[in-house]
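All remarks here apply to the structure that follows.
There are 2 protein chains.
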Amino acid sequence: MRATIKDLAESLGVNVGTISRALNDKPGVGPELRKRIVRKAAELDYRPNGHARGLVTQRTETIGLLSGLDTHAFLSNPFYAGVFAGIEAETRERNHALMFASAAQKSPLSLGEVPKFVVENRVDGLLVVGPVEVNVIGALQDSRCPFVVVDYHPAAEDLDTVVTNNTRGARVLTDHLLQLGHRHIGFVGGAPLDRGSYHERLLGYREALENAGIAYRQELVHGAAPAGGCESAMKILEAEPRVTALVACNDVNALAAYGALRARGLSVPKDVSVVGFDDVPAALEVWPPLTTMRVDRVGMGRKAAQRLFQKLAEGNATSPHQIVFSAELVVRASTAAPRK
Amino acid sequence: MRATIKDLAESLGVNVGTISRALNDKPGVGPELRKRIVRKAAELDYRPNGHARGLVTQRTETIGLLSGLDTHAFLSNPFYAGVFAGIEAETRERNHALMFASAAQKSPLSLGEVPKFVVENRVDGLLVVGPVEVNVIGALQDSRCPFVVVDYHPAAEDLDTVVTNNTRGARVLTDHLLQLGHRHIGFVGGAPLDRGSYHERLLGYREALENAGIAYRQELVHGAAPAGGCESAMKILEAEPRVTALVACNDVNALAAYGALRARGLSVPKDVSVVGFDDVPAALEVWPPLTTMRVDRVGMGRKAAQRLFQKLAEGNATSPHQIVFSAELVVRASTAAPRK
DNA sequence: AGAATTACCGCAATCGTTTGTTCTACTCAA
DNA sequence: TTGAGTAGAACAAACGATTGCGGTAATTCT
Numbered sequence: 031m032r033a034t035i036k037d038l039a040e041s042l043g044v045n046v047g048t049i050s051r052a053l054n055d056k057p058g059v060g061p062e063l064r065k066r067i068v069r070k071a072a073e074l075d076y077r078p079n080g081h082a083r084g085l086v087t088q089r090t091e092t093i094g095l096l097s098g099l100d101t102h103a104f105l106s107n108p109f110y111a112g113v114f115a116g117i118e119a120e121t122r123e124r125n126h127a128l129m130f131a132s133a134a135q136k137s138p139l140s141l142g143e144v145p146k147f148v149v150e151n152r153v154d155g156l157l158v159v160g161p162v163e164v165n166v167i168g169a170l171q172d173s174r175c176p177f178v179v180v181d182y183h184p185a186a187e188d189l190d191t192v193v194t195n196n197t198r199g200a201r202v203l204t205d206h207l208l209q210l211g212h213r214h215i216g217f218v219g220g221a222p223l224d225r226g227s228y229h230e231r232l233l234g235y236r237e238a239l240e241n242a243g244i245a246y247r248q249e250l251v252h253g254a255a256p257a258g259g260c261e262s263a264m265k266i267l268e269a270e271p272r273v274t275a276l277v278a279c280n281d282v283n284a285l286a287a288y289g290a291l292r293a294r295g296l297s298v299p300k301d302v303s304v305v306g307f308d309d310v311p312a313a314l315e316v317w318p319p320l321t322t323m324r325v326d327r328v329g330m331g332r333k334a335a336q337r338l339f340q341k342l343a344e345g346n347a348t349s350p351h352q353i354v355f356s357a358e359l360v361v362r363a364s365t366a367a368p369r370k
Numbered sequence: 031m032r033a034t035i036k037d038l039a040e041s042l043g044v045n046v047g048t049i050s051r052a053l054n055d056k057p058g059v060g061p062e063l064r065k066r067i068v069r070k071a072a073e074l075d076y077r078p079n080g081h082a083r084g085l086v087t088q089r090t091e092t093i094g095l096l097s098g099l100d101t102h103a104f105l106s107n108p109f110y111a112g113v114f115a116g117i118e119a120e121t122r123e124r125n126h127a128l129m130f131a132s133a134a135q136k137s138p139l140s141l142g143e144v145p146k147f148v149v150e151n152r153v154d155g156l157l158v159v160g161p162v163e164v165n166v167i168g169a170l171q172d173s174r175c176p177f178v179v180v181d182y183h184p185a186a187e188d189l190d191t192v193v194t195n196n197t198r199g200a201r202v203l204t205d206h207l208l209q210l211g212h213r214h215i216g217f218v219g220g221a222p223l224d225r226g227s228y229h230e231r232l233l234g235y236r237e238a239l240e241n242a243g244i245a246y247r248q249e250l251v252h253g254a255a256p257a258g259g260c261e262s263a264m265k266i267l268e269a270e271p272r273v274t275a276l277v278a279c280n281d282v283n284a285l286a287a288y289g290a291l292r293a294r295g296l297s298v299p300k301d302v303s304v305v306g307f308d309d310v311p312a313a314l315e316v317w318p319p320l321t322t323m324r325v326d327r328v329g330m331g332r333k334a335a336q337r338l339f340q341k342l343a344e345g346n347a348t349s350p351h352q353i354v355f356s357a358e359l360v361v362r363a364s365t366a367a368p369r370k
């Protein structure tokens with residue numbers, strides 16, 4: 031068994047309270063004794079028990095990361111992986127631990143809508159990342175647990191959020207295609223498409239079209255099929271063979287669309303131009319390299335964590351901040367003027 | 031503030047011990063009172079405090095996931111993302127929480143070699159995934175915290191591990207190339223290359239060559255450059271322009287090698303065949319689709335978690351198991367007979 | 001030198017549970 | 001009717017820390 035503070039106290043003939051003060055750099059213990067205590071603590075390899083401490087201090091030095099998507103979808107998306115990495119870096123540097131859970135897959139005994147670790151008071155705060163269901167937000171709000179939402183902003187709520195300017199980004203991408211001369215442009219979506227980033231990106235696509243005087247056509251937009259962007263792109267090409275460009279809701283689906291185009295014997299960008307969103311590493315490795323919007327996903331994760339720590343320090347009473355990251359267009363070889 | 035067991039006790043005029051027993055399905059409380067208690071608990075939205083419970087039961091219902099790589103590298107590798115997902119699924123189904131940390135990046139106050147959550151008794155057990163440094167293994171062993179290692183097996187230690195048969199897998203891949211007629215075959219590595227999966231795969235590559243009577247040439251093997259597989263492939267092609275095939279330590283590096291080949295005007299597989307390892311989703315989406323070894327990464331994560339729970343149940347005294355997953359060759363369009 | 005201040009340390013309550021033990025009241029067989 | 005046996009509930013001691021309070025002894029002030 032690991033040494034407790036009591037063992038330490040006995041082996042030194044000192045009171046436990048004094049030990050606690052000495053080890054936590056609190057005043058009220060002489061420099062001489064303090065030295066003896068730290069030395070002995072190191073010798074016995076003493077570590078304070080997190081539970082005991084958490085019980086009395088009401089703080090756990092732990093923050094939770096709650097995914098809005100199911101775990102596998104979450105982790106296999108490089109965008110979210112980046113956000114995760116940013117969050118992890120920030121929490122690690124502040125010497126906090128990190129718990130992970132998904133709000134999309136309920137555990138058999140999940141109580142209410144939020145995972146048990148928040149409801150059991152085992153995290154000081156929470157980072158919610160991705161399009162979580164709205165009742166989860168509600169449950170979190172009356173759980174009194176401070177939280178910040180990343181990459182999702184339900185319009186109805188006034189929350190602390192860190193998001194990218196998705197609508198603008200998609201508009202920039204679509205404008206880029208329009209300026210190249212494209213007129214028949216499809217949109218390959220992802221799930222969920224009725225809310226969250228992909229919805230906003232769809233809006234931006236639509237805005238750009240309408241600004242250019244091009245009618246928005248339902249059949250050129252296809253949400254996520256089970257098989258993802260590949261199947262969606264197929265459907266769009268079937269519905270309208272004249273499309274010369276595709277806007278994908280993200281890079282992963284854009285690359286999947288590459289496959290659909292190849293299968294139909296179409297080449298990128300000669301026959302069909304393709305743009306993505308996020309600028310994941312693969313976007314640069316495929317051929318042709320993908321025109322996309324670069325977004326600082328690690329920075330977003332970091333920023334969200336910073337904001338959360340700020341809330342924790344200020345006592346959760348501050349007014350919500352909405353932090354918006356702006357994406358940057360990077361033009362590569364997947365876009366060109368339309369075929370004749 | 032959240033209701034405690036004491037509030038519950040007072041509002042019912044019942045002793046706290048009775049409440050505890052009633053809510054934990056323990057005998058010693060009448061069916062009548064038990065009903066009243068659960069009803070009231072739901073009404074007050076009572077949740078047991080995780081710390082208080084953990085303090086007395088010495089169990090936290092939490093397991094830790096410790097990455098051997100730095101967080102970003104870990105999460106952006108689809109293989110590890112899959113393992114993570116498998117672990118998460120299994121722990122969630124068993125109603126345990128999950129903590130994450132990386133052993134590669136030390137936190138400023140990291141005590142010893144292991145993250146503070148294990149040393150503070152805040153996890154029941156640990157899953158170590160990836161090539162962790164050997165002193166971390168040592169530190170874990172005398173921390174008395176049960177753990178299982180995934181995708182890494184230091185030969186010197188007798189540990190509970192879940193790994194793929196990397197050496198065999200790489201041999202199978204290399205044999206596949208040899209049978210197609212290739213004689214000049216390079217190996218693009220990854221970090222670390224002196225231990226762990228990539229090292230074993232290098233061994234398998236070497237074995238296959240030697241079985242075929244082909245000399246192993248140091249200059250055809252290149253470890254991970256900072257820029258990854260792309261740069262490595264470049265170096266190999268410079269060192270020996272006659273290479274007609276590349277074995278990559280994993281799919282991510284294989285796809286990066288695609289880029290290097292493209293940059294030199296070589297086409298896959300006409301000029302150079304490429305094989306990867308892991309069968310990540312992107313392997314199927316790129317062109318040409320990648321010949322690779324399929325490994326059940328989610329299954330590995332699950333299995334490792336299952337083994338850990340078994341250890342927890344049996345009291346950590348059982349003899350170590352080594353569980354080996356066998357990878358499966360999937361031949362796609364990235365391999366063909368060598369050019370003349 | 002006596003009083004007042006300070007510095008240091010021990011004492012004990014507390015956090016919210018679990019769990020072994022004790023107490024009470026009841027049932028049932030002799 | 002009495003005794004044992006049993007079930008249901010209360011009591012209280014942990015678990016391992018933190019922290020306000022009180023008590024010495026040493027130091028400073030007048």
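Chains as they are written, first to last, in the numbering used here: chain A, 31 to 370; chain B, 31 to 370. Every residue, glycine too, gets a C-beta built ideally from N, C-alpha and C.
Contact under 8 Å by Cβ, residue i with residue j
i, j, result
"A200/A", "G234/A", "yes"
"A33/A", "L53/A", "no"
"T194/B", "V325/B", "yes"
"M129/A", "T101/A", "no"
"R77/B", "V166/A", "no"
"R51/A", "V44/A", "no"
"F339/B", "R124/B", "yes"
Separation of residue j from residue i, as counted between CA atoms
i, j, result
"V302/A", "S297/B", "22 Å"
"V304/B", "A221/B", "19 Å"
"V144/A", "T322/A", "35 Å"
"R369/A", "E358/A", "27 Å"
"I14/A", "P57/A", "Residue numbering for chain A in the displayed model covers 31 to 370; residue 14/A lies beyond these limits and cannot be assessed."
"Q248/B", "P319/A", "32 Å"
"V162/B", "Y182/B", "8 Å"
"R198/A", "L267/A", "26 Å"
"P184/B", "G258/B", "24 Å"
"Q352/A", "V192/A", "6 Å"
"D205/B", "A238/B", "6 Å"
"F217/B", "G345/B", "43 Å"
"P61/B", "A115/A", "50 Å"
"W317/B", "A134/B", "34 Å"
"I215/B", "P271/B", "11 Å"
Residue range of the unbroken beta strand (DSSP E) whose run includes residue i
i, result
"T90/A", "Looking at the DSSP string, T90/A is not in any beta strand (DSSP E), and its letter there is neither H nor E."
"R324/B", "T322 to R324"
"F355/B", "Q352 to F355"
"A245/B", "Run containing A245/B: none; DSSP gives neither H nor E here."
"G155/B", "G155 to V159"
"A131/B", "A127 to S132"
Range covered by the alpha helix (DSSP H) that runs through residue i
i, result
"A334/A", "R327 to E344"
"E261/B", "G259 to A269"
"E150/A", "Per DSSP, E150/A belongs to no alpha helix (DSSP H) and is neither H nor E."
"Q171/B", "V164 to Q171"
"E187/A", "It is not in any alpha helix (DSSP H) - E187/A carries neither H nor E in the DSSP assignment."
"E358/A", "Run containing E358/A: none in the alpha helix (DSSP H); it sits in the beta strand (DSSP E), E358 to V360."
"F177/B", "Not the alpha helix (DSSP H): F177/B falls in the beta strand (DSSP E), residues F177 to V180."
"S50/A", "V46 to L53"
Chain-ordered neighbours of residue i on chain B, where CB pairs are closer than 7 Å
i, result
"G289/A", "E315"
"G84/A", "H81"
Contact set between residue i and chain A, taken where Cβ atoms lie within less than 7 Å
i, result
"P108/B", "S106"
"E150/B", "R77, P78, N79 and G80"
"F355/B", "Ordered by position in chain A, no residue passes the 7 Å Cβ test against F355/B, which lies about 18 Å from the chain."
Listed by chain order, chain A residues near residue i by CB distance under 9 Å
i, result
"K146/B", "R77, G80, E91, N125 and A127"
"L285/B", "A312, E315 and V316"
Chain-ordered chain B contacts of residue i [CB-CB under 8 Å]
i, result
"V159/A", "Near V159/A there are no residues of chain B at all, since even the closest Cβ is about 13 Å away, more than 8 Å."
Under 9 Å by beta carbon: chain B residues contacting residue i
i, result
"H252/A", "Those do not exist, as H252/A stays about 17 Å from chain B at its closest Cβ, beyond 9 Å."
Which runs of the beta strand (DSSP E) at least 3 residues long sit entirely within the segment 189-225 of chain A? Give them in chain order.
191-194 and 215-218
Secondary structure, beta strand (DSSP E): runs of 3+ residues fully inside the segment 271-298 of chain B:
275-278
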